[in-house]
Amino acid sequence: MVENASEINIRLHGDARAYPAKVIGTAPDYDLALIRADELPQGGVKPLPLGDDKQLEVGLKAIALGAPFGLDFSVSEGIISSLEREAPVGVSNVPQSVIQTDAAINPGNSGGPLLNSAGQVVGVNTQILTGGVQQSAGVGFAIPVSVVKQLLPQLQAGEEVTTPLLGISMFELSGADPAQLEEYGLPETGVLITRVYPGSPAQRAGLRAAEPQERPDGAVAPRPDSDVITAVEGREVDSADDVKGALIGKRPGDQVAMTVQRGEETVNVNIELTNFRFN
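Here our numbering runs 453 ahead of the position in the sequence shown, where the first position is 1.
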């Protein structure tokens, strides 16, 4: 963990000395940071080769390196358990694709590499499911190395990589009463925009929130021309997490293509992302 650290030191295997290090770049939404150690002996460190997580298959060997419970230079072995998992990652808990492994991962393994049988890095260990016992239950997750490769140039440049926000609040229609959805003229799936924040990319793109209005019978309902997000980047969405996940890897200045249902009309909107943050 580098957040709020007053100092960072690293150790080399077989060397009792601690070497000072400094943070070069961070990616809090991805639970990643790049650090650089000073005063290392020449030839004392050999980088691990980066592999290709796209070549992984369920059942292949997985090797986790780290310091579980403070036990430095520990190695555990298992297999790739699944390549079809999502988990909330980073400070914003944005759902992201992760590699599942049963190689023993415990507190202290986070940030350590997950290797394939060729000794190539295929992921970065990030978290576990514990079943409430706060130790390995055979379900660990790693950030794919393809994400690391994508972010590495920004980290090397000293950037803090953040996921841009649209600046909206959302309500998932799939969990709503179908009778009410029909009454209000809303679809059964998709994400209703309930608020658009001032100064946000969503506001500049003209997205409309479901501002409540009183009907003749005294009931309060969303205005009929409010926007329901049905697809982002051509992929159908059914939850707020689907919308958030579509922004992973995006940078300020990037365009996001969104499809919304506005009353009886289908509208395609291009949103330019910025470093907008909620106040």
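Backbone N, C-alpha and C define an ideal beta-carbon position, used for all residues, glycine too.
Item to complete: Pick helix, strand or coil for tyrosine 650, following the three-state DSSP scheme.
Response: To locate residue 650, count along the sequence shown from 1; it is residue 197. Coil at tyrosine 650, not helix or strand.
Worksheet item: Would you report the Cα separation of glutamine 607 and glutamine 656, rounded to the nearest angstrom?
Response: Sequence index remark: in the sequence shown, residue 607 carries index 154 (1-based). Sequence index remark: in the sequence shown, residue 656 carries index 203 (1-based). If you take the alpha carbons of glutamine 607 and glutamine 656, they lie about 28 Å apart.
Fill in: Where alanine 674 sits in the DSSP three-state scheme
Counting from 1 along the sequence shown, the entry for residue 674 is found at position 221. Here alanine 674 sits in strand by DSSP.
Worksheet entry | Endpoints, beta strand (DSSP E) assigned at proline 473 | One-based indexing of the sequence shown puts residue 473 at position 20. Counting along the chain, the beta strand (DSSP E) containing proline 473 begins and ends at 471-480.
Item to complete: Identify every residue that forms a DSSP beta bridge with phenylalanine 522.
Response: Within the sequence shown, the letter at position 69 stands for residue 522. Paired residues: none, contrary to the question.
Worksheet entry | Residue range of the beta strand (DSSP E) that includes glutamate 725 | Within the sequence shown, residue 725 is the residue found at index 272, counting from 1. Element bounds for glutamate 725: 718-725.
Practice prompt. Helix, strand or coil for proline 548, going by three-state DSSP, please let me know.
Written response: In the sequence shown, residue 548 corresponds to position 95, counting from 1. Proline 548 falls in the strand class under three-state DSSP.
Worksheet entry | Sufficient close CB pairs (3 or more, under 8 Å) joining the region 591-599 to the region 550-567 | yes
Worksheet item: Would alanine 517 pass as a contact of glycine 593 if the rule is Cβ separation under 9 Å?
Response: The residue labelled residue 517 in the question sits at position 64 within the sequence shown. The residue labelled residue 593 in the question sits at position 140 within the sequence shown. Contact: yes.
Fill in: Residues near glycine 512 by beta carbon distance below 6 Å, same chain, minus five either side
As a working mapping, residue 512 is identified with position 59 in the sequence shown. Excluding residues within five positions, the ones whose Cβ falls inside 6 Å are Ile532.
Worksheet item: Just the Cα atoms here: how many angstroms apart are phenylalanine 526 and alanine 469?
Response: Position 73 of the sequence shown, counting from 1, holds the residue named residue 526. Position 16 of the sequence shown, counting from 1, holds the residue named residue 469. Those two C-alpha atoms are separated by around 13 Å.
Item to complete: Please state whether DSSP places serine 534 in a helix, a strand or coil.
Response: Taking the first residue of the sequence shown as position 1, residue 534 is located at position 81. Looking at serine 534 - three-state DSSP - the assignment turns out to be strand.
Fill in: Endpoints, the beta strand (DSSP E) within which aspartate 694 is located
Your numbering for residue 694 matches position 241 in the sequence shown. No beta strand (DSSP E) holds aspartate 694; the alpha helix (DSSP H) holding it covers 693-698.
Practice prompt. Assuming isoleucine 461 and lysine 475 form a contact by the criterion Cβ under 8 Å, report the distance between their Cβ atoms to the nearest whole angstrom.
Written response: If you number the sequence shown from 1, residue 461 lands on position 8. If you number the sequence shown from 1, residue 475 lands on position 22. Their Cβ separation, rounded to whole angstroms, is 7 Å, which keeps isoleucine 461 and lysine 475 in contact under 8 Å.
Worksheet item: Are glycine 519 and valine 614 touching if we call contact CB-CB under 9 Å?
Response: Within the sequence shown, the letter at position 66 stands for residue 519. Within the sequence shown, the letter at position 161 stands for residue 614. The answer is no: Cβ separation not under 9 Å.
Discussion item. Check whether the region 706-721 and the region 684-691 touch, using three or more Cβ-Cβ pairs below 8 Å as the test.
Written reply: yes
Worksheet item: Between the region 616-633 and the region 563-576, do three or more beta carbon pairs fall short of 8 Å?
Response: no
Worksheet item: Who are the Cβ neighbours of serine 535 in its own chain at under 7 Å, not counting the five residues just before and after it?
Response: As a working note, residue 535 is residue 82 in the sequence shown. Here the set comprises Val511, Gln553.
Fill in: Counted within 10 angstroms of its Cβ, other Cβ atoms place serine 570 as buried (16 or more) or exposed
Position 117 of the sequence shown, counted from the start, is the residue given in the question as residue 570. It counts as exposed.
Fill in: Same chain only: Cβ atoms within 6 Å of glutamine 573, ignoring 5 sequence neighbours per side
Residue numbering aside, residue 573 sits at position 120 when the sequence shown is read from its first letter. Hits under 6 Å: Pro502, Gly504.
Worksheet item: Should arginine 470 be counted as a contact of the ligand GDP given a C-beta to heavy atom distance under 8 Å?
Response: Although the ligand GDP was asked about, the structure shown includes no ligands whatsoever.
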